[in-house]
Amino acid sequence: MLKKLDEIKAQAVEELAQISDKAELESLRVSKLGKKGVITSILKQMGSLSAEERPVVGQKANQIRGEIEALIKQKQADLQQAEQNLKLAAETVDVTIPGKQPEIGHTHPLSIVLDEVKDIFSGMGFDVVEGPEVEWDYYNFEALNIPEGHPARDTQDTFYITEKMLLRTQTSPVQIRTMEKRNPPLRVIAPGRVYRSDAVDATHSPLFHQIEGLVIDEGITMADLKGTLEAFAKRLYGEQTETRFRPHHFPFTEPSCEMDVSCFKCGGKGCSMCKGEGWIEILGGGMVHPKVLKNGGVDAEKYSGFAFGIGLERLVMFRFGIDDMRLLYENNMKFLEQF
Ligand code: DAH
8 MLKKLDEIKA
18 QAVEELAQIS
28 DKAELESLRV
38 SKLGKKGVIT
48 SILKQMGSLS
58 AEERPVVGQK
68 ANQIRGEIEA
78 LIKQKQADLQ
88 QAEQNLKLAA
98 ETVDVTIPGK
108 QPEIGHTHPL
118 SIVLDEVKDI
128 FSGMGFDVVE
138 GPEVEWDYYN
148 FEALNIPEGH
158 PARDTQDTFY
168 ITEKMLLRTQ
178 TSPVQIRTME
188 KRNPPLRVIA
198 PGRVYRSDAV
208 DATHSPLFHQ
218 IEGLVIDEGI
228 TMADLKGTLE
238 AFAKRLYGEQ
248 TETRFRPHHF
258 PFTEPSCEMD
268 VSCFKCGGKG
278 CSMCKGEGWI
288 EILGGGMVHP
298 KVLKNGGVDA
308 EKYSGFAFGI
318 GLERLVMFRF
328 GIDDMRLLYE
338 NNMKFLEQF
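Okay, so the sequence shown: first residue is 8 according to my numbering, each after it adds one.
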């Protein structure tokens, strides 16, 4: 029996070496140490032994059981460790794999040109101010000398929110808001979104952008307006750019004008960009109407000023030779990547 016990151990060691998973290990444990296992069956046979043999075999059986138990425990730990290693290997992050390249955005052409315009005017001492897009009729029309029934209201198809509230059709209301808030001398530009109930086509959009300008001080004249806007045009389109001022009419300026710049594509000879004219209109302006100064709380006896309004989309389209305004809003990456 002692010999048998040694064999049991040797066999257990051999079998353990073959085992590669927990289920096999468990069935080995049952077959060696379980109630119907080989050790138990030896112990059951002890009845046939003599009184001297019994304790010797009993002790040996217990010793072998202990050793097999320890071996199984060790195997269990080994399997656990192997499993853990496999799991870790599978979860390993390869830090040398190249990352996914994120798509980098860049400045929209409208912002490129707006930034330039802001830079140019900042360089001339202008502050950049803003006003609300949802505006009162009073600021958008009334205070700008466009009373109810004035024909100028017809040219600016308005989105009304209530009878007295609307989406601003121009950035000019910021003139009044600025005069209310600040005292002269004043030099500001006010860029922003404006809205008109126009159908979308190559040159119209219900939402577009304007840049308003306002200068108020003692002794401001039309010469200041011309000098400032000529300097602006040359900075934006190049020193060779020529400007011309044509008389015009706006309710909030008197006198009023429009400014053209020589076509920067053909230099004034006439081409498809300037429709054969040689000139391109880029802004409206004029001397601030005394009524508008008064509505803004400015003493029209002491101060005078000039104002101007620039259509940002037009600037951008001429600047980059874009012939359809819709391209500026569609967010087509193929188009936008060119700038
Ligand atoms: N608000 C005018 C428009 O939307 C543009 C404009 C013209 C603004 C003359 C001015 C100005 O400040 O003096 O058509």
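Backbone N, C-alpha and C define an ideal beta-carbon position, used for all residues, glycine too.
Exposure of residue i, with buried meaning 16 or more beta-carbon neighbours within 10 Å
{"i": "Ser311", "result": "buried"}
{"i": "Arg72", "result": "buried"}
{"i": "Ala97", "result": "exposed"}
{"i": "Asp267", "result": "buried"}
{"i": "His113", "result": "exposed"}
{"i": "His211", "result": "exposed"}
{"i": "Leu319", "result": "buried"}
{"i": "His296", "result": "buried"}
{"i": "Tyr244", "result": "buried"}
{"i": "Thr162", "result": "exposed"}
{"i": "Val299", "result": "buried"}
{"i": "Thr169", "result": "exposed"}
{"i": "Thr103", "result": "exposed"}
{"i": "Thr185", "result": "buried"}
{"i": "Gly292", "result": "buried"}
{"i": "Tyr167", "result": "exposed"}
{"i": "Ala68", "result": "buried"}
{"i": "Leu221", "result": "buried"}
{"i": "Leu9", "result": "exposed"}
{"i": "Ile111", "result": "exposed"}
{"i": "Leu93", "result": "exposed"}
Alpha-carbon to alpha-carbon, residue j and residue i
{"i": "Phe252", "j": "Gly130", "result": "23 Å"}
{"i": "Glu187", "j": "Gly304", "result": "6 Å"}
{"i": "Ile183", "j": "Pro154", "result": "15 Å"}
{"i": "Trp143", "j": "Leu174", "result": "8 Å"}
{"i": "Gln83", "j": "Ile15", "result": "19 Å"}
{"i": "Leu236", "j": "Glu137", "result": "21 Å"}
{"i": "Thr176", "j": "Pro191", "result": "26 Å"}
{"i": "Phe239", "j": "Asp306", "result": "28 Å"}
{"i": "Glu265", "j": "His216", "result": "18 Å"}
{"i": "Gly54", "j": "Ala30", "result": "34 Å"}
{"i": "Ala230", "j": "Arg194", "result": "16 Å"}
{"i": "Met294", "j": "Pro254", "result": "12 Å"}
{"i": "Cys270", "j": "Leu214", "result": "26 Å"}
{"i": "Cys281", "j": "Gln247", "result": "17 Å"}
{"i": "Gln108", "j": "Phe148", "result": "50 Å"}
{"i": "Val63", "j": "Gln91", "result": "42 Å"}
{"i": "Glu74", "j": "Glu22", "result": "14 Å"}
{"i": "Leu334", "j": "Phe342", "result": "7 Å"}
{"i": "Ile287", "j": "Ser263", "result": "18 Å"}
{"i": "Leu290", "j": "Gly275", "result": "18 Å"}
{"i": "Thr165", "j": "Asp126", "result": "31 Å"}
{"i": "Ala1", "j": "Gln18", "result": "With the chain covering only 8 through 346, there is no way to say anything about residue 1."}
{"i": "Glu261", "j": "Tyr145", "result": "20 Å"}
{"i": "Gly44", "j": "Gln81", "result": "20 Å"}
{"i": "Gly132", "j": "Asp331", "result": "34 Å"}
{"i": "Cys273", "j": "Asn338", "result": "29 Å"}
{"i": "Lys301", "j": "Asp208", "result": "39 Å"}
{"i": "Lys42", "j": "Lys51", "result": "11 Å"}
{"i": "Glu76", "j": "Ser27", "result": "17 Å"}
{"i": "Leu95", "j": "Pro105", "result": "21 Å"}
{"i": "Ser118", "j": "Gly234", "result": "25 Å"}
{"i": "Lys241", "j": "Gly156", "result": "39 Å"}
{"i": "Gly285", "j": "Arg321", "result": "16 Å"}
{"i": "Val135", "j": "His115", "result": "20 Å"}
Expected contact under 8 Å - CB spacing of residue i and residue j to nearest Å
{"i": "Val323", "j": "Ile329", "result": "7 Å"}
{"i": "Ile46", "j": "Lys11", "result": "Ile46 to Lys11, Cβ: 10 Å. No contact."}
{"i": "Phe259", "j": "Leu151", "result": "4 Å"}
{"i": "Glu219", "j": "Thr178", "result": "4 Å"}
{"i": "Glu140", "j": "Arg200", "result": "6 Å"}
{"i": "Val181", "j": "Ala159", "result": "That belief does not hold up - the Cβ atoms of Val181 and Ala159 are roughly 18 Å apart, past 8 Å."}
{"i": "Asp128", "j": "Ile227", "result": "Reading off the sequence, residue 128 comes out as Phe, not Asp. Actually they are not in contact, since the Cβ atoms of Phe128 and Ile227 sit about 16 Å apart, beyond 8 Å."}
{"i": "Leu78", "j": "Val20", "result": "7 Å"}
{"i": "Leu86", "j": "Leu40", "result": "Actually they do not touch by this definition, with Cβ atoms about 17 Å apart."}
{"i": "Phe327", "j": "Phe346", "result": "7 Å"}
{"i": "Glu225", "j": "Lys309", "result": "6 Å"}
Min CB distance residue i to chain C below 8 Å
{"i": "Asn69", "result": "Among the protein chains of the structure shown there is no chain C, as only one such chain exists."}
Next item on the list: Please specify which runs of the alpha helix (DSSP H), each continuous and at least 4 residues long, are wholly inside the segment 224-304, giving them in chain order.
Entry: The segment 224-304 contains, as complete alpha helix (DSSP H) runs of 4+ residues, the segments 229-244, 297-302 (chain order).
Next item on the list: Quick one: which unbroken beta strand (DSSP E) runs of 3-plus residues sit fully inside the segment 166-219? Chain order, please.
Entry: Runs found: 172-174, 193-202.
Next item on the list: Give, in chain order, every unbroken run of the alpha helix (DSSP H) that is at least 4 residues long and sits entirely within the segment 45-121.
Entry: With a minimum length of 4 residues, the continuous alpha helix (DSSP H) runs that stay inside the segment 45-121 are 45-51, 60-98.
Next item on the list: Would you list, in sequence order, the uninterrupted alpha helix (DSSP H) runs of no fewer than 4 residues that lie entirely inside the segment 313-340?
Entry: Correct list: 319-327.
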